[in-house]
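Residue 86 in the working numbering sits at position 75 of the sequence shown, with consecutive numbering throughout. Cβ atoms here follow ideal geometry from the backbone N, Cα and C, with glycine treated the same way. The structure appears below as structure tokens.
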Amino acid sequence: MTEDVTGDMPVKLRRLSKLLETTVERLEEVESLQAVTVGEQDEISERLAALAERLRIAMERRCACMTRETLAEDPFRNSTEHEEYRPS
């Protein structure tokens with residue numbers, strides 16, 4: 012029985028060696044993909060920050076325009092005393 016175990020040892024070692032080699036190759040592929048993913052995440056993060064800033068500016072401009080238009084139509088619209096002073 013011990014002869015069978017030791018006789019299979021070179022075969023088992025070759026299989027383990029091949030498995031280890033394949034595992035290392037896959038690990039290297041994963042590490043490479045992770046590096047690309049991190050780079051892509053940084054780029055996407057920068058783009059999102061730029062878009063958020065552009066959106067903030069656009070919203071501020073829109074609010075400013077809407078406020079001017081609203082005040083031009085009804086200067087007392089947001090006033091607490093609007094009913095008393097609203098033109099008829």
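| Item | Value |
| --- | --- |
| Backbone CA spacing between Leu66 and Val49 [nearest angstrom] | 25 Å |
| Euclidean distance between Cα positions of Arg73 and Ala61 | 18 Å |
| Euclidean distance between Cα positions of Ala63 and Ala69 | 10 Å |
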